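The structure is reproduced here in structure tokens:
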């Protein structure tokens with residue numbers, strides 16, 4: 032009787048495992064293919080696209096890192112993205128807290144303006160941003176690119192965090208006030224720790240988005256020494272020849288920080304995405 | 589310990605906006621347990637939040653121990669508050685929650701540890717100090733919230749409906765715990781609730797609020813037996829006091845008629861004089877109604893009506909009837925009542941059990957102190 036009842040459940044679980052397995056192959060397959068290509072040269076890849084690496088050409092990573100200036104691109108990317116994400120997270124959290132918690136004239140107007148900047152594609156700002164950077168001598172500089180990245184990601188960050196922070200019960204703020212804490216202390220000791228799942232979510236999303244950002248970087252940076260990783264990878268693509276093996280090695284290098292960031296924050300990311308009412 | 593004085597306190601939202609608290613005058617004595625009681629939206633929580641410093645006072649004066657604190661920030665008023673939601677910091681352990689306020693006040697670490705340990709011992713939290721709030725039951729959270737206020741050793745404790753999230757059994761336990769802590773600490777406590785049982789059992793005095801105003805202040809039994817108006821009469825008591833709008837006889841000695849009526853012998857001729865030949869509101873509590881005239885000590889009044897609900901509560905039975913005039917009336921009767929829905933019954937009450945209110949203002953018409961009341965019940969008009 033019991034076995035009879037368990038049959039549909041087992042079948043359901045099996046079907047679920049099958050779907051998850053298929054989806055994993057679907058998403059992980061291209062990545063593994065790219066990983067194998069990163070240790071093969073372009074000639075080998077052209078001969079057989081899907082062959083197993085033989086030999087394993089690890090030196091491609093050294094060539095990319097040292098000979099093709101990937102070390103420079105990597106540090107440029109790291110500097111720009113880490114700075115931008117740090118500023119976006121801190122300023123975004125503070126702004127979201129202010130919008131969620133304080134009643135002041137124009138609160139919803141500011142929120143509306145932020146929201147409107149999310150719904151338009153960022154590409155429409157490209158030409159004006161280019162002109163502004165030229166006017167302020169920030170064109171072709173990492174500082175200029177960092178500022179652009181901050182302005183690109185800030186509205187969505189504020190929007191996401193505002194929604195989360197608004198659900199933190201007012202009583203917690205009142206209790207902290209009664210306990211003797213001022214506004215900045217409450218932000219630091221109450222809002223930031225409680226909002227950490229949401230902050231981690233925006234942090235990782237911003238990091239991935241900016242780490243892979245190509246369009247603004249390619250328009251606003253011309254100096255080879257100031258290239259970020261996505262533009263660096265582009266350097267392996269010529270008009271008539273594409274060094275697929277080196278492109279794959281470059282992509283693998285660029286993807287490692289994203290994987291590390293996700294691995295580090297994934298638990299908080301999932302908690303942030305599934306966060307219900309804050310109790 | 590402190591005296592908290594509210595002098596013509598008003599709270600208006602947005603300048604000329606709606607008035608949430610209107611001209612409230614309350615003096616809460618040193619070590620007193622004052623309960624602010626009223627329905628939702630009556631202004632009791634707003635009043636409490638103004639005392640706490642969490643809401644600005646639109647007008648009037650708030651003083652604690654003679655010091656005006658209208659513009660003193662919440663953190664400098666030496667007040668601790670227990671919130672309805674407990675407001676425990678979810679990312680901190682119980683010990684951290686308890687000590688959070690003390691750390692800000694630069695209390696020495698040894699002293700913090702002592703106070704946290706003492707509060708934990710008193711409230712039975714010693715084994716829970718390293719737990720986070722999500723791992724606690726509702727009752728444990730409530731005790732942590734109380735402990736957080738206690739470790740502060742404040743001049744005044746404020747409670748904003750702290751028991752409303754607990755189940756019935758736990759509510760009774762925690763209520764007793766709070767009463768015990770009040771006796772132990774002998775601190776001034778101000779407690780907001782909409783639950784009349786909490787108010788009656790916990791308060792040294794009750795302040796009943798309605799529509800942002802104070803309806804009545806007094807000792808629990810005084811307010812229960814001597815309601816200042818029909819609102820208080822209905823709000824205190826479960827079931828609420830039965831009220832009937834009835835004509836006063838031309839000789840002023842009786843109110844109502846055959847279906848619902850009773851003598852006005854408790855009121856002096858002078859007191860009932862203005863109402864002769866006019867309508868007034870007559871009230872009688874559910875527990876003062878009896879099925880036999882003898883039980884009502886004779887010489888009283890009666891209410892005739894058809895039973896529409898019988899609610900056996902075990903120890904007693906509530907009998908709801910509808911009078912000929914369509915007014916509903918509830919009696920609290922012994923458990924062996926045999927009346928059935930649809931049956932015509934007559935309920936009796938003693939002359940001393942009646943209340944009289946002005947129809948226009950709803951205010952109580954004080955009875956003559958010389959006329960005796962029901963045993964154990966003070967006479968209307970003698971309230972201080």
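Chains as they are written, first to last, in this note's numbering: chain U, 32 to 310; chain R, 589 to 972.
Think of the CB as a built atom: it goes at the ideal place given N, C-alpha and C, for glycine as much as any other residue.
On a predicted model such as this, the values are computed, not experimentally measured, just so you know.
What are the boundary residues of the alpha helix (DSSP H) that includes residue i?
{"i": "residue 632(R)", "result": "632 to 640"}
{"i": "residue 789(R)", "result": "784 to 790"}
{"i": "residue 227(U)", "result": "227 to 242"}
{"i": "residue 96(U)", "result": "Premise fails: residue 96(U) is in no alpha helix (DSSP H) and is neither H nor E."}
{"i": "residue 699(R)", "result": "697 to 711"}
{"i": "residue 160(U)", "result": "157 to 166"}
{"i": "residue 115(U)", "result": "101 to 132"}
Buried or exposed: residue i, going by 16 or more other Cβ atoms within 10 Å of its Cβ?
{"i": "residue 99(U)", "result": "buried"}
{"i": "residue 168(U)", "result": "exposed"}
{"i": "residue 659(R)", "result": "exposed"}
{"i": "residue 205(U)", "result": "buried"}
{"i": "residue 147(U)", "result": "exposed"}
{"i": "residue 40(U)", "result": "exposed"}
{"i": "residue 771(R)", "result": "exposed"}
{"i": "residue 699(R)", "result": "exposed"}
{"i": "residue 876(R)", "result": "buried"}
{"i": "residue 290(U)", "result": "exposed"}
{"i": "residue 276(U)", "result": "buried"}
{"i": "residue 696(R)", "result": "exposed"}
{"i": "residue 55(U)", "result": "exposed"}
{"i": "residue 634(R)", "result": "buried"}
{"i": "residue 154(U)", "result": "exposed"}
I'd like the list of long-range same chain contacts for residue i, defined as Cβ closer than 6 Å, with 5 residues on each side in sequence excluded.
{"i": "residue 274(U)", "result": "73, 267"}
{"i": "residue 847(R)", "result": "892, 911, 912"}
{"i": "residue 812(R)", "result": "824"}
{"i": "residue 680(R)", "result": "none"}
{"i": "residue 84(U)", "result": "67, 70, 71"}
{"i": "residue 142(U)", "result": "130"}
{"i": "residue 809(R)", "result": "none"}
Hey, could you find the ends of the beta strand (DSSP E) residue i is sitting in?
{"i": "residue 743(R)", "result": "Careful: residue 743(R) lies outside any beta strand (DSSP E) and carries neither H nor E."}
{"i": "residue 667(R)", "result": "667 to 670"}
{"i": "residue 143(U)", "result": "Counting along the chain, residue 143(U) falls outside any beta strand (DSSP E), though it belongs to the alpha helix (DSSP H) covering 138 to 150."}
Would you list the residues sitting across from residue i in a DSSP beta bridge?
{"i": "residue 850(R)", "result": "843(R)"}
{"i": "residue 922(R)", "result": "904(R)"}
{"i": "residue 80(U)", "result": "Per DSSP, none; premise fails for residue 80(U)."}
{"i": "residue 779(R)", "result": "623(R), 747(R)"}
{"i": "residue 599(R)", "result": "609(R)"}
{"i": "residue 647(R)", "result": "598(R)"}
{"i": "residue 871(R)", "result": "831(R), 943(R)"}
{"i": "residue 273(U)", "result": "268(U)"}
{"i": "residue 184(U)", "result": "None; residue 184(U) has no bridge partner."}
{"i": "residue 889(R)", "result": "937(R)"}
{"i": "residue 806(R)", "result": "794(R)"}
{"i": "residue 773(R)", "result": "DSSP, once it has assigned bridges, lists no residue as partnering residue 773(R)."}
{"i": "residue 894(R)", "result": "910(R), 932(R)"}
{"i": "residue 615(R)", "result": "593(R)"}
{"i": "residue 656(R)", "result": "651(R)"}
{"i": "residue 836(R)", "result": "843(R)"}
{"i": "residue 952(R)", "result": "945(R)"}
{"i": "residue 801(R)", "result": "798(R)"}
Please confirm if residue i has its CB atom under 9 Å from at least one CB of chain A.
{"i": "residue 263(U)", "result": "The question asks about chain A, but that chain is absent: this structure's protein chains are U and R."}
Grab me the residues of residue i's own chain with a C-beta within less than 8 Å of its C-beta, minus the 5 sequence neighbours each way, in chain order.
{"i": "residue 645(R)", "result": "597, 598, 599, 638, 658"}
{"i": "residue 161(U)", "result": "170, 250, 251"}
{"i": "residue 668(R)", "result": "689, 736, 737, 738, 740, 742, 744, 745, 746"}
Cutting at 7 Å between CB atoms, please list the residues of its own chain near residue i, excluding the five before and the five after it.
{"i": "residue 145(U)", "result": "186, 189, 190"}
{"i": "residue 621(R)", "result": "770, 777, 779, 790, 791, 792"}
{"i": "residue 1023(R)", "result": "The displayed coordinates of chain R run from 589 to 972. Any statement about residue 1023(R) would go beyond what the structure contains."}
{"i": "residue 762(R)", "result": "727, 730, 751, 754"}
{"i": "residue 711(R)", "result": "731, 734, 735"}
{"i": "residue 260(U)", "result": "104, 105, 108, 285"}
{"i": "residue 926(R)", "result": "none"}
{"i": "residue 817(R)", "result": "803, 945, 950, 951, 952"}
{"i": "residue 610(R)", "result": "598, 800, 801"}
{"i": "residue 595(R)", "result": "613, 648, 649"}
message: Which residues of the stretch 194 to 208 of chain U have a Cβ closer than 7 Å to any Cβ of chain R? Give them in chain order.
response: 200, 202, 203, 205, 206, 208
- prompt: Quick one, which residues of the stretch 207 to 224 of chain U are near chain R if we go by CB-CB under 9 Å, in chain order?
  reply: 207, 208, 209, 210, 211, 212, 213, 216, 220, 221, 224
- request: Anything in the stretch 682 to 704 of chain R with a Cβ closer than 7 Å to a Cβ of chain U? List those residues in chain order, please.
  value: 688, 689, 692, 693
- request: With 9 Å as the limit, tell me which residues of the stretch 637 to 668 of chain R have their beta carbon closer than that to any beta carbon of chain U; keep them in chain order.
  value: 637, 640, 641, 642, 661, 662, 663, 664, 665, 667, 668
query: What residues from the stretch 742 to 756 of chain R come within 7 Å of chain U, judged by C-beta to C-beta, listed N to C?
result: none
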